[in-house]
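Contents: one structure, followed by commentary.
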Amino acid sequence: MNIIVCIKQVPDPEIPPAKFRIDPEGKRVMPPEGVAPVTSVFDERAMEAALQLKDKYQAKVTAVTLGASAAKSAIRHALSIGADEGVHIQHEAAGELDSFETAFVLTKAIEKIGDYSLILCGRQAADWDAGQVGSLIAENLAIPVVTVARKVDLKDSKVRVESVMQDGYRVIEAPMPALVTVSSEIGLPRLPTGMGILKASRIKITNWNVQDIGAELQGVRRSQLLRLYIPVRETKCQIIEADTVAEAACELALCLRKAKII
Amino acid sequence: MTEFKGVMVCAEFVNGKMSPITMELLGIGRRLADDLGEELSALLIGKEAVPFSREAIAYGGERVYLVSNSPLDSYNSDAYTEAITNVCHQVNPSIVLLGQTDMGRDLAPRLAVRLGGGLAMDCIDLAIDPQTKLMLQTRPVFGGNAYAVMITPTARPQMATVRPKTMSSLERDDSRQGEVVPLEIGIESSMIKAEIIETVKEEVLGIKLEEAEIVVTGGRGIGSVEGFDILRELAGVLGGAVGATRAACDEGLTPATMQVGQTGKIVSPNLYIAVALSGAVQHLAGCSGSKHMVVINTDPDAYIFKVAEWGIVADYKTSLPPFLEKLKELSTQ
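Order-wise, the sequence lines are chains A and B. Anchor point for the first sequence: position 183 equals 183 in the working numbering, and the numbering is continuous, going up by one each time. Quick note, the working numbering runs 1000 ahead of the 1-based positions in the second sequence.
Structure follows, in C-alpha cells:
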C-alpha cells in the first residue's frame, strides 16, 4: 500500500508573540529571527498516522511538500522518522499561493506520483490556519475525504476513521483511494533516531518545480489578501502587589468580586 | 452568464433545536443582505429541520429552502455536499455562509470546489465594501497574532465559515414575513462513498471547556500531575472548567483533551485564569476571545501579562491556596 503525506513547513508557532512581525508593505509575515521553521503540527500528526499504518500493515510512505528551498529540511525530517520517499515541489513564492493554488499544485504532484491508496494531510496549517487544502485535493481528485481524524486504520479494503466532533466522534469508513485530514488527538509524533537520520541522508529527495508537474497556475487563484495587520490588544494589566503573596491573592479575589466577574 | 444574487445561510440543528450559530449566521447574513439590497435565505436540511422554517424567518431570513428527503435525515458529508451544491445551482446565491463547526468545517471546502466559489474559513468579521460591493472576510491567522482581510474578487459564490460567538443574532421577531420553499433533491446512494458507521457521544465530566464561563488553565510551570489538583479545586469552586497548554499536555501532566490553543480547544469564557504559562502564539489562539483574563506567573516578563487585566507575580503553589480560601469566603457572603 502506498501512502502519500502532505506536509508544510511553517514558522514555529511556539515563539513568544513579541517575536512575531509582519511586513506591512508586502502583506507577509517575517520569519522570526534565529528560530528555525518547523513542520506544521497537524502535518506531523498526519505523518505519525501514516507511520502507524506502516508499522501495522507495511506500506510505502511518501512525504510531499510544496515550499521554498528551505522546506527540503521538512522532507529530510520526515525521512528520518520513517518515510520511504520524499518529494519537494520547490516554489520560492509558495508562501503567496492561496489555498486553491496550493491544492492545485499538490493535486498535480499526487497525480504524477500516481499510485496511492491513501493521502493524509494535517487538518489545517499552523500558519494561515485555512483548513481547506486537504478537502480541496480530495475534491480535485474526486476521491472520498474524511476530515479531522483522531484515529486512522484499515478495515477490509476500506479506510476506517474516527472523526473528531465537539461532543465525541464519528466512525466513518470510505473506499480507497481516499484522503484523510488528521488532528492532534492521533498522538504525539515520533522523534528521529540516529539510525533514522543516517538512513534518511542516503535517500535522494525528488525535486520538482511547478512546470515539471504541469501545474499552470494561471486562473487558479480565488482569494486575494487585502490587508494583514496585528490586532491591537489592550495592555493595561494591573499587577497586584502586597506585602505577602497571600495578601495579593486575597486582593485579586476582591478585585474580581468588585468587577462582578465572580 | 449566471447572475449570482443574495445571501444564503446553511442552518444547523442540535438536540432538536436550531443551534446558536444559525441565529448568528442569520444576524450577520441580514446585515450583509441589507447592505447589498438583496435577499437573505436560509437552507434547512433534514427531517429535524422541518419545524424550524418559521423560526429561521423570525431570526431574519426572508426565504427558507427546506430540503427534507430521507437520505439527508442525519449528517453525511457526501450527501450534504451534493444537496447544498444542488440547491446553490438552483438559487445562485452570491454569498454562502456556514458555521465554523464540525459540519461547516467539513463541508465548506468541498462546496467551494463544486460551486467554483472562493472561501475564507473561521471568519470573525464580515462586511460589504461600500465601493466594490465585495464581501470583506476578516480571519485570524498565525494563531491570532495577525488578522487577514480577504476578498474573493471574481469567483462566485463568495463563501465563508463564521466562528461561533463572534456575530450577534437578531431578536426573535415572529411578525417577520417570509416564504418557505420546499425542494426535492435527488440523492442517489452511489453518491455516498464515505459512510458513517457509528456516532459516539463522549460524556464529559463537569462543564465542557468550550461552554464554561470560567476557565482555569495551567501551563508547563505547574510541573506535576498533582499540581493540577488545585486548579481543579479552583475551577470547582468557580463553576468553571480546567484547561492546559500544549506543553503541559505533551509532558503528560493532563490529557490532550484539555488542551487550549490553536491545536486544541478554542474557548471564549467570561474569565480566563492563566496559571504558570507564558502565552505562546499557539496558546493565545485558543483563549484570546476571553472577556477578562487573570495571570499568575513567577516571571514578570511573561508575555501573557500583556494581554491580561490583573496579574500576580508569584508561584501558584503559594498564591492559589489563599486565593481559593478568599473565594470560598466570598461565596458564602
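Note that beta-carbon positions come from the ideal geometry of N, C-alpha and C, so glycine has one too.
Contacts with chain A at 9 Å (Cβ-Cβ) do not include B/Met1001. When beta bridges are read from the DSSP output, A/Lys155 appears opposite A/Lys158.
The region 1093 to 1101 of chain B makes contact with the region 1005 to 1025 of chain B: 3 or more CB pairs, one atom from each, lie closer than 8 Å. Rounded to whole angstroms, the separation of the alpha carbons of B/Leu1032 and A/Asn140 is 31 Å. Interface with chain B (9 Å Cβ-Cβ cutoff): A/Ala174 is included.
Contact with chain B is found for A/Ser135, since one of that chain's Cβ atoms lies less than 9 Å from the residue's Cβ.
Here DSSP, grouped into helix, strand and coil, assigns A/Gln52 to helix.
With a threshold of 9 Å between beta carbons, A/Ala248 makes contact with chain B. The C-beta separation of B/Lys1328 from B/Val1237 comes to about 6 Å, placing the pair in contact by the 8 Å criterion. Annotation: Cβ neighbours of B/Glu1202 in chain A (cutoff 8 Å, chain order): Asp167, Gly168 and Tyr169. Residue pairing by DSSP puts B/Met1150 in a beta bridge opposite A/Leu225 and B/Gln1137.
In this structure, A/Cys121 places its C-beta atom within 9 Å of the C-beta atom of A/Thr181. Taking a Cβ-Cβ threshold of 7 Å, the residues of chain B close to A/Gln132 are Pro1109, Leu1119 and Met1121, in chain order. Neighbours of B/Leu1271 in chain A, taken as residues at a C-beta separation under 9 Å, are given in chain order as Leu256, Ile261 and Ile262. Chain order gives no chain A residues near B/Ser1094, where near means a beta carbon separation below 9 Å; the closest approach is about 14 Å.
Only those residues of the region 1167 to 1191 of chain B whose C-beta falls short of 8 Å from the nearest C-beta of chain A would be listed, and there are none. When the five nearest sequence neighbours on each side are left out, the beta carbons in the same chain lying within less than 7 Å of the beta carbon of B/Ala1302 are those of Ser1278 and Gly1279, in order along the chain.
Rounded to whole angstroms, B/Ser1175 and A/Val161 show a C-alpha spacing of 46 Å. Here the region 1144 to 1155 of chain B lies against the region 217 to 232 of chain A, with 3 or more beta-carbon pairs under 8 Å apart.
No Cβ-Cβ contact shorter than 9 Å links A/His91 with A/Leu51. A/Cys121 has a beta carbon lying at 9 Å or more from every beta carbon in chain B. Taking every protein chain shown into account, the CB of B/Met1001 has fewer than 16 other CB atoms within 10 angstroms, so this residue is exposed. At a C-beta separation below 9 Å, A/Ala70 has no neighbours in chain B, since its nearest C-beta there lies roughly 18 Å away. Note on geometry: alpha-carbon atoms of A/Gly196 and A/Asp153 lie some 24 Å from one another.
Straight-line spacing of the CA atoms in A/Lys56 and A/Asp84 works out to 15 Å.
Fewer than three Cβ pairs drawn from the region 1189 to 1198 of chain B and the region 1157 to 1172 of chain B lie within less than 8 Å of each other, which leaves the two stretches out of contact. Here B/Arg1232 is not near A/Ser135, since their CB atoms are 9 Å or more apart. Distance from the CA of B/Gly1221 to the CA of B/Asp1315, rounded to the nearest whole angstrom, comes to 9 Å. By alpha-carbon distance to B/Glu1213, the top candidate from B/Pro1157, B/Ile1230, B/Gly1227 and B/Ala1241 is B/Ala1241. Per DSSP, reduced to three states, the secondary structure at B/Thr1257 is helical. In the DSSP annotation of this structure, B/Glu1233 is not part of any beta strand (DSSP E); the continuous alpha helix (DSSP H) holding it starts and ends at Phe1228 to Leu1238. In terms of beta-carbon proximity, B/Met1018 stays away from the interface with chain A, with every pair separated by 9 Å or more.
A/Ser80 and A/Ser163 have their alpha carbons spaced roughly 28 Å apart. Looking only at A/Gln218, A/Ser40 and A/Ala78, the smallest Cα-Cα distance to A/Thr193 is reached by A/Ala78.
The distance from the Cβ of B/Arg1105 to that of A/Gly131 is about 6 Å, consistent with a contact at the 8 Å cut-off. Secondary structure in the region 1050 to 1101 of chain B: the alpha helix (DSSP H) runs of 4 residues or longer, each lying completely within the stretch, are 1053 to 1058 and 1077 to 1091 in chain order.
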